[in-house]
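Here is the structure we will look at, set down as structure tokens.
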Amino acid sequence: MNPPADQVTVPIPGQLIVEGISKRFKTSRSEVHALDDVSLHVKPGEFICLVGPSGCGKSTLLDIIAGLTKPDSGSVSADGQPVVGPGRHRLVMFQESALFPWLTVFGNVMFGLKLRADLNNAERHEIANSHLALVGLQKFARSNVHELSGGMKQRVALARSLAPDPRILLMDEPLAALDAMTREQLYSDVQEIWQSRKKTIVLVTHNVREAVCLGDRVILLSPRPGSIRETFPIDLPRPRDINSPELARHAAEITAALKNYLTMDVPD
Ligand code: ADP
Ligand code: MG
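For what it's worth, this note's numbering labels the leading residue of the sequence shown as 33, then goes sequentially.
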């Protein structure tokens with residue numbers, strides 16, 4: 033017998049549904065309530081920015097979506113399928129580039145491609161090269177990671193997470209450690225890559241202007257335990273300039289809302 037129509041899961045590539053996620057971390061001496069009843073529906077190809085103060089559970093939420101951490105309650109489905117563990121179509125790019133220092137730039141991008149068992153080595157080489165070109169680093173393919181600037185390392189990390197062609201890219205404060213000028217260049221690059229590659233992206237940040245520059249929607253999380261407080265659709269045309277007055281107006285509105293929720297410093 034077929035299941036009732038409302039119970040049929042239709043695979044929708046790039047769709048992400050987070051439903052009622054709560055999470056506590058228990059140690060022998062204490063308990064931290066990290067997330068409380070977080071629900072989020074992300075459309076295929078949508079760029080979502082989650083903004084919240086340090087310690088509100090942003091990384092925990094991304095880890096749960098990635099399938100690296102189990103929630104206490106609630107569920108995540110990606111591409112119309114329940115998330116039960118990590119998968120090639122949900123990759124995380126971290127703040128401090130988690131590159132392997134003993135591998136070259138090319139070796140790091142190739143490492144990400146180990147996830148693609150369907151490709152032979154020649155195909156992996158070609159994809160690695162094309163992704164280094166995408167982030168403007170083809171000339172540095174043979175360089176060691178320690179020879180690169182912070183911005184270049186994050187470009188390699190971006191190439192490494194995009195090369196396996198995940199449908200959903202999860203970015204955990206990927207630009208936070210960079211200086212302002214390098215960050216501004218990467219805002220342009222990330223917008224261009226997102227528009228050409230049509231990935232679903234969930235990016236967490238504590239930088240409101242960054243969120244307005246990149247997101248279709250900016251979602252505010254409360255201090256711990258993190259829960260969703262407010263959603264701001266951003267309808268500014270792209271590519272967006274982080275220094276434009278219009279962007280600053282949106283950011284000021286969101287910052288004012290954040291200040292209402294917070295009793296702590298709001299960056300930018
Ligand atoms: P954010 O990324 O927003 O700064 P996190 O998700 O890293 O916040 O952490 C949320 C809270 O959960 C923090 O208080 C943190 O110390 C705690 N936490 C995160 N991971 C663990 C863990 N594995 N064990 C215990 N506590 C944790
Ligand atoms: Mg974090």
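Just so you know, even glycine gets a beta-carbon here, dropped at the ideal spot from N, CA and C.
Proximity test, residue i beta-carbon vs the ligand MG heavy atom, cut-off 7 Å
i: D95; result: no
i: D204; result: yes
Assigned exposure category for residue i - 16 Cβ within 10 Å defines buried
i: T92; result: buried
i: F172; result: buried
i: N275; result: exposed
i: E278; result: exposed
i: A165; result: exposed
i: T59; result: exposed
i: H163; result: buried
i: A149; result: exposed
i: D104; result: exposed
i: E28; result: Because the chain is modelled from 33 through 300, residue 28 falls outside the range shown and cannot be assessed.
i: K230; result: exposed
i: K301; result: It is not possible to answer for residue 301, since the shown part of the chain is limited to 33 through 300.
i: F79; result: buried
i: R61; result: exposed
i: M184; result: buried
i: R174; result: exposed
i: P45; result: exposed
i: W134; result: exposed
Helix, strand or coil at residue i [DSSP, three-state]
i: V108; result: strand
i: D300; result: Reliability of the predicted coordinates at D300 is poor, the pLDDT of 46 falling under 50, and the value obtained from them is presented with this limitation in mind. D300: coil per DSSP, three-state reduction.
i: Q113; result: strand
i: L235; result: strand
i: C88; result: coil
i: A173; result: coil
i: R272; result: coil
i: G182; result: helix
i: R249; result: strand
i: E216; result: helix
i: A98; result: helix
i: R120; result: coil
i: D69; result: strand
i: D221; result: helix
i: S62; result: coil
i: G52; result: strand
The ligand ADP heavy atom lying under 7 Å from the CB of residue i
i: R256; result: yes
i: K90; result: yes
i: S86; result: yes
i: F57; result: yes
i: A208; result: no
i: V222; result: no
i: A98; result: no
i: V83; result: no
Cβ neighbours of residue i in the same chain (closer than 6 Å, five flanking residues each side left out)
i: L72; result: V50
i: R187; result: V167, L169
i: Y219; result: C245, I274
i: Y293; result: S254, R261
i: Q47; result: P76
i: M203; result: M125, L235
Own chain, CB closer than 8 Å to residue i, minus 5 neighbours either side, in chain order
i: G84; result: K90, V236, H238, L252, L253, S254, P255, G258
i: M296; result: Because M296 sits at a pLDDT of 48, beneath the cut-off of 50, its placement in the model cannot be relied upon, and the following sentence gives the value as read from the coordinates. Same-chain partners within the cutoff: P85, P255.
i: G6; result: Residue 6 lies beyond the residue range present for the chain, which begins at 33 and ends at 300; the question has no answer from this structure.
i: D69; result: G52, I53, S54, G106, S259
i: V116; result: G99
Sequence-distant residues of the same chain with beta carbon closer than 7 Å to residue i, five excluded per side
i: H121; result: A110, D111, P198, R199, I200
i: G144; result: R192, S193, A195, P196
i: A160; result: F138, V141, M142, L145, A195
i: V298; result: Per-residue confidence for V298 stands at a pLDDT of 46, beneath the threshold of 50, marking its modelled position as unreliable; the derived number appears in the next sentence. Around V298: T287, L290, K291.
i: L147; result: R120, P196
i: R56; result: E63, V64, H65, A66, D104
Quiz item: Quick one: any contact between the region 92 to 102 and the region 259 to 270, if contact means 3 or more CB pairs under 8 Å?
Solution: no
Self-check item: Cβ contact (3+ pairs, closer than 8 Å) linking the region 226 to 245 and the region 279 to 298
Solution: Segments in contact, yes.
Quiz item: Do the region 204 to 214 and the region 153 to 160 meet, that is, are 3 or more Cβ pairs less than 8 Å apart?
Solution: no
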